[in-house]
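Only one structure is covered here, and it is reproduced in the block below.
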Amino acid sequence: MKPAYILFLFAAQLTSSVAFASQHTVVLDVSGMTCPVCPITVKKALEHVNGVTQAQVKLETHQAMVRYDDQKTNENALLDATFEAGYPAKIIRRQP
């Protein structure tokens, strides 16, 4: 076999076995935030979830925007993290 053909077969096998992660964004309604320290606590809890790439929490709207890798975590893990921190949340919007 020609070396180029062997290289092509190897590359085709390699790319067919790789699963590509997808980034997802959700907006959470976080209840119980009443002071300026609350969003910091929620943000830290979300950032400790493996797979979270970004977390923004706003006291004014009682919302958290979370971007995560769906190969490493899921929405339930995000909700569990806020709950364990003392701030139950629910998903109000999913964004691409």
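The sequence shown lines up with residues 2 to 97 when you count with our numbering.
We treat Cβ as the ideally placed atom computed from N, Cα and C, and that holds for glycine.
Computed from a predicted structure; not experimentally measured.
| query | Whose C-beta lies closer than 8 Å to the C-beta of PHE84 among residues of the same chain, with five residues either side of it excluded? | reply | Setting aside the 5 residues that flank it on each side, PHE84 is surrounded in the same chain by ALA90, each with a C-beta closer than 8 Å to its C-beta; the list follows chain order.
| query | How would you label GLN64, buried or exposed, when you count the other beta carbons within 10 angstroms and need 16 or more for buried? | reply | Residue burial is scored here from C-beta neighbours: GLN64 has at least 16 other C-beta atoms within 10 angstroms and is therefore classed as buried.
| Given that a residue counts as buried once 16 or more other Cβ atoms are within 10 Å of its Cβ, and exposed if not, what is PRO40? | Burial is judged here by how many other beta carbons sit within 10 angstroms of a residue's own beta carbon; PRO40 has at least 16 and is buried.
| query | Of the choices LYS45, THR42, VAL67, THR74, whose alpha-carbon is the least far from that of PRO97? | reply | When each option's Cα is compared against that of PRO97, the closest is VAL67.
| Out of curiosity, what's the CA-to-CA distance linking GLY48 and SER32? | Rather than Gly, the amino acid found at residue 48 in this sequence is Glu. Straight-line Cα distance between these residues: approximately 18 Å.
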